[in-house]
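In our numbering, the protein residues as written are 751 to 966. Glycine included, C-beta positions come from ideal geometry on N, C-alpha and C. What you are looking at is a predicted structure, and each value in this text was computed from that prediction instead of being measured. Each remark here refers to the structure printed beneath this line.
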């Protein structure tokens, strides 16, 4: 005879959460799953179409709660994507919007002088070695339109203006006045919006204006 003595002590919420996690884990092993890297670390996720993006440049990503965060750089199918929305969580998985990064730019830090530990025999002064600055590639989303109040409706930005969305990073060269080149034209960064940065993750929006007369 079955023992039902603990039947009423079962926590239904915990049972549903446990079963939900198992179902999601099975989904990650199914044909809809994708092997990707997020900030260089291999993960298994699900990539789904975004119904409002007819050109396929925006999608959704679903993954383990710890893996999905705004500003994560996702690479799959030889393409680079950026997690652009604050993830929605239901305690089983997280879901967020991703957009394809159509271009990138480079930031190069200043050269450094490193003490070699040697002494110049003539001057008696330390000998320093020049180390070239580190070159960092920054994937980005270059847009000449902006959405209306967080909706999918887009309007053109003022003539010559562009919004450049990048993953959060700290770099000595990332500042107002920085000149960046996109598609043969120079743009100057007039404003930097950090409002979508949370702790060590998020996205930065660079508001840039085309430099008149620099390039055609």
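Closest by C-alpha distance to residue i, when choosing among the options
i, options, result
"residue 944", "926, 843 and 829", "926"
"residue 889", "856, 876 and 905", "856"
"residue 931", "848, 920, 958 and 830", "958"
"residue 821", "791, 783 and 919", "919"
"residue 797", "934, 848, 912 and 791", "848"
"residue 882", "839, 860 and 914", "860"
"residue 939", "933, 912, 946 and 953", "912"
"residue 921", "858, 935 and 955", "858"
"residue 818", "791, 907, 905 and 828", "791"
"residue 941", "924, 794 and 934", "924"
Residue i burial status per 10 Å Cβ neighbour count (16 or more: buried)
i, result
"residue 878", "exposed"
"residue 929", "exposed"
"residue 948", "exposed"
"residue 833", "buried"
"residue 816", "exposed"
"residue 785", "exposed"
"residue 838", "exposed"
Simplified DSSP assignment, three categories, for residue i
i, result
"residue 764", "helix"
"residue 889", "strand"
"residue 945", "strand"
"residue 807", "coil"
"residue 786", "strand"
"residue 953", "strand"
"residue 751", "Below a pLDDT of 50, predicted positions are generally treated as unreliable, and residue 751, at 49, falls in that range; no measurement from the model is reported."
"residue 959", "strand"
"residue 884", "coil"
Residue-level contact to chain C via CB, residue i, 8 Å cutoff
i, result
"residue 814", "Reference to chain C is not applicable here, since this structure consists of a single protein chain."
Residue i versus residue j - alpha carbon distance
i, j, result
"residue 869", "residue 863", "15 Å"
"residue 891", "residue 840", "28 Å"
"residue 951", "residue 875", "44 Å"
"residue 917", "residue 823", "7 Å"
"residue 851", "residue 914", "10 Å"
"residue 880", "residue 854", "28 Å"
"residue 872", "residue 885", "35 Å"
"residue 808", "residue 865", "48 Å"
"residue 799", "residue 805", "10 Å"
"residue 955", "residue 783", "30 Å"
### Task
Please list the segments of the alpha helix (DSSP H) lying wholly inside the segment 809-880, counting only runs of 4 or more residues, in order along the chain.
none
### Query
What are the uninterrupted segments assigned as beta strand (DSSP E) that are 3 or more residues long and contained completely in the segment 891-939, given in chain order?
895-897, 904-906, 911-917 and 929-932
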